[in-house]
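All residue numbers for the sequence shown refer to my numbering, where the first residue is 94 and numbers rise by one.
Positions of the beta carbon are idealized from the N, C-alpha and C atoms, including for glycine.
Here is the structure we will look at, set down as C-alpha cells.
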Amino acid sequence: MTAPTPKPEVVTALRTAIEDRRATDSDDATATLEVLSPVPGWLRTAARVVLGIGSVAVTGLFLALVVVGGDTRGTLLLATGAVAGLGAVFVTAVWQFDVTLTLHRDGRLVRKGWNGFTEVWLRECQRVVITIGRTESADASDREGD
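Next up, the structure:
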C-alpha cells in the first residue's frame, strides 16, 4: 500500500495504531486514525476541471483537424499535443498525491484515491508494509498474524 509522505509523527502514530488494531478484536467500525490527503480541496477541484475541459478541448481540436486545410493542420496538431500534454501532467501529479488512509477500530485499513479504494484487513496479514512517498518504507508490523 502506498501513501503520500506525511509528517514523521503521523507515521509513528499510524505504526502504533496498526499494532494496536492487529492485537485487539473489535467489531467497532469507527475510524481510529486518518492520514489526510496533502492535496488541498481547491487543487483537487482544479485538476478535475482541467480533466473535463481538457478532454472537451482535445476532442474539439481533433474534430477541427478533420475540417481544416493542410496549412493549419500542423498548428492544430501542435495545439492538441500541448493541451493534452500539459493537462495530463497536472492531473497525473494531483492524482498520485491525492490519497487518504483511514484506520478503523475493527482492523480495516482503507486507502482512498482517485482510482477507488482498497481495504486491507490487518488481522489477516502476517506483515503490513506501508510505503511512504517513493523511497522510505515504514514496516508497520513484524509479528506473526492472528
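Task: Beta carbon proximity, D199 to chain D, threshold 7 Å - done: Given the protein chain composition of this structure (a single chain), no chain D is represented.
Open item on the list: Per DSSP, what are the beta-bridge partners of G206 in this structure?
Closed with: G209
- [ ] Decide if R220 is buried, meaning its Cβ has at least 16 other Cβ atoms within 10 Å, or exposed.
- [x] exposed
Open item on the list: Looking at the secondary structure, which residues open and close the alpha helix (DSSP H) in which L136 lies?
Closed with: 134 to 160
Open item on the list: Can you find the residues in the same chain that come closer than 8 Å, C-beta to C-beta, to L154, ignoring five residues on each side of it along the sequence?
Closed with: L169, A172, T173, V176
Open item on the list: Less than 8 Å between C-beta atoms, sequence neighbours within five positions excluded: which residues of the same chain meet that for D120?
Closed with: D199
Task: 6 Å Cβ shell around R227 - same chain, five flanking residues per side excluded - done: Legend: pLDDT at R227 = 47, less than 50; position of this residue unreliable, value from coordinates given subsequently. Taken in chain order, the list of residues that qualify is empty.
Task: CA-to-CA distance, V160 to T152, given in whole angstroms - done: 13 Å
Task: Cβ shell of E102 (< 7 Å), same chain only, five flanking positions each side left out - done: Counting only Cβ-Cβ distances below 7 Å, and skipping sequence neighbours, we find nothing.
TODO: Using 10 angstroms around the beta-carbon of T125, count the other beta-carbons present and answer buried if the total reaches 16, otherwise exposed.
DONE: buried
Task: G180 classed as buried or exposed, judged by whether at least 16 other C-beta atoms fall within 10 angstroms - done: buried
TODO: Output yes or no for whether 7 Å exceeds the beta carbon distance between L144 and V184.
DONE: yes
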